[in-house]
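As given, the protein sequences belong to chains A and B, one line each in that order.
Residue 1 is where the first sequence starts when you use the UniProt record's numbering, and the numbers rise one by one after that.
Residue 1 is where the second sequence starts when you use the UniProt record's numbering, and the numbers rise one by one after that.
The C-beta atom is built at its ideal place from N, Cα and C for all residues, glycine as well.
There are 2 protein chains.
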Amino acid sequence: MKEKIDRKLEAKSIKPTAMRQLILEYLMESRNAVSLADLEDKFDYADRSTLFRTLKTFEKHKLIHCIEDGTGSQKYAVCLDACEVDHEDFHVHFLCEKCHQTYCLYDVEVPAIKLPSGFTPEAINLIVKGVCHACR
Amino acid sequence: MKEKIDRKLEAKSIKPTAMRQLILEYLMESRNAVSLADLEDKFDYADRSTLFRTLKTFEKHKLIHCIEDGTGSQKYAVCLDACEVDHEDFHVHFLCEKCHQTYCLYDVEVPAIKLPSGFTPEAINLIVKGVCHACR
DNA sequence: CTCGCGGTGCAACCCGGTTGCAAAGGTGAC
DNA sequence: GTCACCTTTGCAACCGGGTTGCACCGCGAG
Numbered sequence: 001m002k003e004k005i006d007r008k009l010e011a012k013s014i015k016p017t018a019m020r021q022l023i024l025e026y027l028m029e030s031r032n033a034v035s036l037a038d039l040e041d042k043f044d045y046a047d048r049s050t051l052f053r054t055l056k057t058f059e060k061h062k063l064i065h066c067i068e069d070g071t072g073s074q075k076y077a078v079c080l081d082a083c084e085v086d087h088e089d090f091h092v093h094f095l096c097e098k099c100h101q102t103y104c105l106y107d108v109e110v111p112a113i114k115l116p117s118g119f120t121p122e123a124i125n126l127i128v129k130g131v132c133h134a135c136r
Numbered sequence: 001m002k003e004k005i006d007r008k009l010e011a012k013s014i015k016p017t018a019m020r021q022l023i024l025e026y027l028m029e030s031r032n033a034v035s036l037a038d039l040e041d042k043f044d045y046a047d048r049s050t051l052f053r054t055l056k057t058f059e060k061h062k063l064i065h066c067i068e069d070g071t072g073s074q075k076y077a078v079c080l081d082a083c084e085v086d087h088e089d090f091h092v093h094f095l096c097e098k099c100h101q102t103y104c105l106y107d108v109e110v111p112a113i114k115l116p117s118g119f120t121p122e123a124i125n126l127i128v129k130g131v132c133h134a135c136r
C-alpha cells in the first residue's frame with residue numbers, strides 16, 4: 001500500500017512528504033469524494049491551509065479532480081489511473097441527500113446534449129441527487 | 001408591464017411591495033440567471049438582507065427557481081408560467097466561462113440517466129459550460 | 001557548516017449566505 | 001383619528017468555506 005502511494009506521487013512528480021502520503025492514502029481509501037472539512041475532521045492535528053494546499057497540489061498535478069456537486073463546498077476524488085491523458089472527468093456524480101456523500105459513477109457516461117445555436121459547449125457537469133444504497 | 005408584475009405576485013400570493021415589484025421586474029427583464037451580487041449591484045440603495053429575503057420569498061412561493069451552476073454562488077431565474085404544477089426545473093443550464101452568465105435553456109431537456117443499482121435518483125442538475133453567443 | 005528552498009503552521013482576510021433584532025410602514029379594529 | 005399588530009426593511013453581526021501572507025522548520029546542495 002505504502003509503495004503504491006509513493007508510486008502514485010512519484011508518477012505525478014509530487015514530493016512524497018508525510019502529510020501528502022497520509023492525505024493520499026485517505027483519499028484512496030475513501031470510496032466517496034472528500035471535502036476539505038472531511039480532511040480537517042480526519043487530520044485534526046494538521047492545519048487547514050496545509051490540507052487545502054495539499055489538495056491544490058494534487059489537483060494541479062492531476063492526481064485528483066475537483067467536483068462541484070452544488071452543495072457549495074468542493075469535493076475531491078482521486079483520478080482513475082486511466083485518466084492520465086484527458087483529465088476531464090466525463091462521468092456522472094451522485095449526491096446522496098441523506099448522508100451528503102458524493103459518489104463518482106465512473107461507469108455512467110454523460111450523454112451528448114444538443115444545444116441551441118450560439119452556445120459552444122466545453123465541459124459538462126452532471127449531478128444526480130437522490131438516496132444512495134447505504135441510506136435506503 | 002406593471003400590471004403583469006402585480007398579477008404575477010398576486011398569483012403566488014405575495015404582497016406587492018415596492019421592493020418586490022422592482023426586484024421582480026429586474027428578474028423578468030434579465031434574460032439570464034441573477035445572483036444576489038447582481039441584485040446588490042443593481043439596487044445599491046437596498047440592503048443585502050432585504051434582497052436575500054425577497055429572493056427566498058419568491059423561491060418559497062415558486063415564483064423563481066434557484067440554480068446551482070457550480071460557481072459556488074446561487075443564481076435565480078423566474079419560472080415559466082407553465083411550471084406552476086411541478087416546480088422541478090428539468091431543463092439544462094449553460095454557464096458561459098467568459099462572461100459568467102448563466103442561461104436557462106428551457107428547450108433542452110435533461111436526458112434520462114441509467115444509474116447503478118442502489119442509487120435512487122430524485123433530481124438531476126445538468127450544467128453545460130462553454131462560451132455563449134454573446135462572447136464568441 | 002551554511003545557505004536556500006519547499007513544506008507547514010498560524011493568523012488573518014474575503015465573500016456569499018444567513019440570522020437576530022429593532023425601526024418603519026401599512027392595515028384593521030375601535 | 002389613533003392605537004395595536006403584523007409584515008417588511010435596514011443594520012449589524014455571524015458563519016463556514018476558501019484563500020493568502022508571513023514566519024518557521026527541516027532537508028538537501030554546495
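| Asked | Found |
| --- | --- |
| With 16 other Cβ atoms within 10 Å as the buried cut-off, status of Arg136 of chain B | exposed |
| Test item: CB-CB of Val34 of chain A and Lys60 of chain A under 8 Å | no |
| Cα-Cα separation, His93 of chain A to Ile23 of chain A | 22 Å |
| Neighbouring residues, chain A, relative to Asn125 of chain B (Cβ below 9 Å) | Asp69, Gly70, Leu95, Asn125, Leu126, Ile127, Val128 and Lys129 |
| Limits of the beta strand (DSSP E) - the one that residue 142 of chain B falls within | Nothing can be reported for residue 142 of chain B: it is not among the residues displayed for chain B, which extend from 1 to 136. |
| Chain B within 8 Å of Ser13 of chain A, Cβ atoms only | no |
| For Glu109 of chain B and Ala77 of chain B, the rounded distance between their alpha carbons | 17 Å |
| Span separating the alpha-carbon of Met1 of chain A from that of Arg7 of chain A | 10 Å |
| CB contact flag (Val128 of chain B, Leu105 of chain A, <8 Å) | no |
| Partners in chain A for Asp107 of chain B, counting only beta-carbon separations shorter than 8 Å | Pro116 |
| Cβ of Phe52 of chain A within 8 Å of any chain B Cβ | no |
| Cβ of Cys104 of chain B within 8 Å of any chain A Cβ | no |
| Proximal chain B residues relative to Thr17 of chain A, where beta-carbon distance stays under 7 Å | Correct list: empty, because the minimum Cβ distance to chain B is about 29 Å. |
| Those residues which DSSP pairs with Val78 of chain B across a bridge | B:Ile64 |
| Endpoints, the alpha helix (DSSP H) within which Tyr26 of chain B is located | Ala18 to Glu29 |
| Counted within 10 angstroms of its Cβ, other Cβ atoms place Gly72 of chain A as buried (16 or more) or exposed | exposed |
| Contact with chain B by residue 158 of chain A, beta-carbon distance below 8 Å | Nothing in the structure corresponds to residue 158 of chain A, since chain A is present only between 1 and 136. |
| Between the CA atoms of Asp47 of chain B and Tyr26 of chain A - distance to the nearest angstrom | 44 Å |
| Straight-line Cα distance separating Leu51 of chain A from Leu39 of chain A | 7 Å |
| Cutoff 8 Å: Val92 of chain B Cβ touching any chain A Cβ | yes |
| Exposure label - His65 of chain B; buried when at least 16 CB within 10 Å | buried |
| Chain B within 8 Å of His65 of chain A, Cβ atoms only | no |
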